[in-house]
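Novice: Structure provided below as structure tokens; questions to follow.
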Amino acid sequence: MILFEKLGLPIIKKKKTGYSTSADVLEKLEDKHEIIRSILHYRQIGKLQSTYVEGLMKVTRKDTHKVHTRFNQALTQTGRLSSTDPNLQNIPIRLEEGRKIRQAFVPSKEGWLMFAADYSQIELRVLAHISQDENLIEAFTQDMDIHTKTAMDVFHVSEEEVTSSMRRQAKAVNFGIVYGISDYGLSQNLGITRKEAAAFIERYLTSFKGVKTYMEEIVQEAKQKGYVTTLLKRRRYIPDITSRNFNIKSFAERTAMNTPIQGSAADIIKKAMIDMARKLKEEKKLQANLFITGAR
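Going by the working numbering, the sequence shown opens with residue 6, and the numbers climb by one from there.
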């Protein structure tokens with residue numbers, strides 16, 4: 006009531022009970038009044054306090070002072086590992102206060118260290134491999150910033166002319182393609198119209214012809230076989246690919262496009278984890294443990 010009636014801020018969305026003040030709504034109003042940023046920050050701090058500070062303390066074992074999670078191998082459709090009871094793949098990092106929560110995780114042995122290792126842009130690299138798109142392959146073989154390269158190709162500008170806004174839009178499309186985003190989803194992410202988002206995706210596919218060909222061919226393959234496979238031949242069945250309902254069918258088509266990418270990335274990382282675990286067993290002098298993994 007105060008935000009929209011007293012302060013006169015524009016109404017973005019309504020609910021049955023009144024005006025929506027969800028995070029996505031407030032983010033769109035952030036430049037309209039200085040109080041919005043404070044409200045968002047307060048909510049973020051409250052989330053950190055309840056979910057992570059108090060939440061993790063509740064599940065910490067009193068005898069070991071450790072938190073034990075459960076990794077699920079076959080819960081997600083793409084093959085990524087998920088973490089439950091509690092979820093330790095989602096420890097915050099963006100806020101300074103969130104990063105302080107990570108400092109609570111320390112080695113149990115004196116003098117030991119924790120370190121993180123990850124693949125760089127693995128999904129986009131898998132997309133480059135599967136699609137054999139020349140522009141993507143060039144970007145990775147020349148160690149270019151993939152989002153800057155995408156902006157150069159989509160906006161037809163030189164590397165020096167790429168603005169932060171162009172790169173941000175290119176990044177949204179790059180990951181949008183990987184995660185099977187729709188023009189509506191992209192429009193919401195970038196705060197642009199659906200028509201503008203559709204045009205942006207079309208420009209991307211014009212610039213990355215190999216990706217467009219891959220998307221068309223994988224959808225046809227899914228329709229013929231009823232499933233798609235990852236690089237390591239793991240199948241995902243997609244029965245809705247032949248649905249007569251446009252929205253259901255469209256979602257199934259995007260699933261067919263992104264599953265080989267996300268699924269293959271998950272397979273590669275799991276294979277690397279197995280190889281590392283075996284190596285640690287073989288090398289007796291290496292006293293180390295693989296104890297947590299990211300959201301793959």
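No residue lacks a Cβ here, since even glycine has one placed at the ideal position from N, Cα and C.
In the DSSP assignment, find the alpha helix (DSSP H) that holds Thr-146 and state where it starts and stops.
Specialist: The residue given as residue 146 occupies position 141 in the sequence shown. Unbroken alpha helix (DSSP H) run through Thr-146: 139-146.
Novice: Determine the contact status of Ala-271 and Thr-83, defining contact as a CB-CB distance below 7 Å.
Specialist: On the sequence shown, residue 271 is found 266 positions in, with the first residue counted as 1. On the sequence shown, residue 83 is found 78 positions in, with the first residue counted as 1. It is a contact, given that the beta carbons lie within the stated cut-off.
Novice: Between Leu-129 and Phe-213, which are expected to be in contact by the criterion C-beta below 8 Å, what is the C-beta distance as a whole number of angstroms?
Specialist: By 1-based counting over the sequence shown, the position of residue 129 is 124. By 1-based counting over the sequence shown, the position of residue 213 is 208. Going by Cβ atoms, the distance from Leu-129 to Phe-213 rounds to 11 Å, so no, they are not a contact pair.
Novice: For the alpha helix (DSSP H) that contains Phe-180, what are its first and last residues?
Specialist: As a working note, residue 180 is residue 175 in the sequence shown. 169-183 is the extent of the alpha helix (DSSP H) around Phe-180.
Novice: Could you tell me the boundaries of the beta strand (DSSP E) in which Ser-87 lies?
Specialist: Your numbering for residue 87 matches position 82 in the sequence shown. Segment 87-89, the beta strand (DSSP E) holding Ser-87.
Novice: Is the segment 111-124 touching the segment 189-199 in the sense that three or more CB pairs, one from each, lie closer than 8 Å?
Specialist: The answer is no - the segment 111-124 does not touch the segment 189-199, with fewer than three Cβ pairs under 8 Å.
Novice: Going along the chain, which residues of its own chain have a beta-carbon closer than 7 Å to the beta-carbon of Leu-14, five neighbours each way excluded?
Specialist: Residue numbering aside, residue 14 sits at position 9 when the sequence shown is read from its first letter. Leu-8, Leu-34, Lys-37 and His-38.
Novice: Mark Ser-136 as exposed unless 16 or more other C-beta atoms lie within 10 angstroms of its C-beta, in which case mark it buried.
Specialist: In the sequence shown, the residue the question calls residue 136 occupies position 131. With 16 or more Cβ atoms within 10 Å of its Cβ, Ser-136 is classed as buried.
Novice: Do Phe-76 and Leu-61 count as a contact pair if the criterion is CB distance below 7 Å?
Specialist: The residue labelled residue 61 in the question sits at position 56 within the sequence shown. The residue labelled residue 76 in the question sits at position 71 within the sequence shown. No, the Cβ-Cβ distance between Leu-61 and Phe-76 is not below 7 Å.
Novice: Quick test of your reading: Ile-50 and Glu-102, contact by CB under 8 Å. State the CB separation rounded to the nearest angstrom.
Specialist: Here residue 50 refers to the residue found at position 45 of the sequence shown. Here residue 102 refers to the residue found at position 97 of the sequence shown. With 8 Å as the limit, Ile-50 and Glu-102 qualify as a contact, their Cβ atoms being about 6 Å apart.
Novice: Thinking just about the alpha-carbon of each residue, which of Ala-133, Lys-154, Pro-244 and Gln-193 is nearest to the one in Glu-32?
Specialist: Mapped onto the sequence shown, residue 32 falls at position 27. The residue with the shortest Cα to Cα distance from Glu-32 is Gln-193.
Novice: Rounded to the nearest angstrom, what separates Met-157 and Gly-116 at their Cα positions?
Specialist: By one-based count along the sequence shown, residue 157 stands at place 152. By one-based count along the sequence shown, residue 116 stands at place 111. Cα to Cα, the separation comes out at about 47 Å.
Novice: Can you find the residues in the same chain that come closer than 8 Å, C-beta to C-beta, to Leu-285, ignoring five residues on each side of it along the sequence?
Specialist: The residue given as residue 285 occupies position 280 in the sequence shown. Leu-291, Ala-293, Asn-294 and Leu-295.
Novice: Hey, quick one: how far does the alpha helix (DSSP H) through Phe-325 stretch, first residue to last?
Specialist: In the structure as shown, the chain begins at 6 and stops at 301. Residue 325 is therefore absent and cannot be evaluated.
Novice: If we ignore side chains and look at the alpha-carbon of each, how far apart do Glu-226 and Val-233 end up?
Specialist: In the sequence shown, counting from the first residue as 1, residue 226 sits at position 221. In the sequence shown, counting from the first residue as 1, residue 233 sits at position 228. For Glu-226 and Val-233, the distance between alpha carbons rounds to 7 Å.
Novice: Between the C-alpha atoms of Gln-229 and Arg-241, what's the straight-line distance to the nearest angstrom?
Specialist: Taking the sequence shown and counting its residues from 1, the one referred to as residue 229 is at position 224. Taking the sequence shown and counting its residues from 1, the one referred to as residue 241 is at position 236. For Gln-229 and Arg-241, the distance between alpha carbons rounds to 14 Å.
Novice: Which residues does DSSP list as the beta-bridge partners of Lys-19?
Specialist: By one-based count along the sequence shown, residue 19 stands at place 14. Answer is Tyr-24, bridged to Lys-19.
Novice: Roughly how far, in whole angstroms, is the beta-carbon of Thr-155 from the beta-carbon of Asn-179, given that I think they are within contact range, below 8 Å?
Specialist: What you label residue 155 is simply residue 150 of the sequence shown in a count that begins at 1. What you label residue 179 is simply residue 174 of the sequence shown in a count that begins at 1. Indeed they touch by this definition, with Cβ atoms about 6 Å apart.
Novice: What does the alpha-carbon distance come out to for the pair Leu-12 and Tyr-184?
Specialist: The count along the sequence shown starts at 1 and reaches residue 12 at position 7. The count along the sequence shown starts at 1 and reaches residue 184 at position 179. Computed Cα separation, rounded: 38 Å.
Novice: Which whole-angstrom value is the C-beta distance of Pro-265 and Ile-206, which I expect to be below 8 Å?
Specialist: Along the sequence shown, read from residue 1 onward, the residue named residue 265 stands at position 260. Along the sequence shown, read from residue 1 onward, the residue named residue 206 stands at position 201. Between Ile-206 and Pro-265 the Cβ distance is about 19 Å, and since that is not below 8 Å, they are no contact.
Novice: Please determine, among Leu-100, Ile-96, Arg-66 and Phe-160, the residue with the shortest C-alpha to C-alpha distance to Arg-48.
Specialist: By 1-based counting over the sequence shown, the position of residue 48 is 43. Among Leu-100, Ile-96, Arg-66 and Phe-160, the Cα nearest to that of Arg-48 is on Leu-100.
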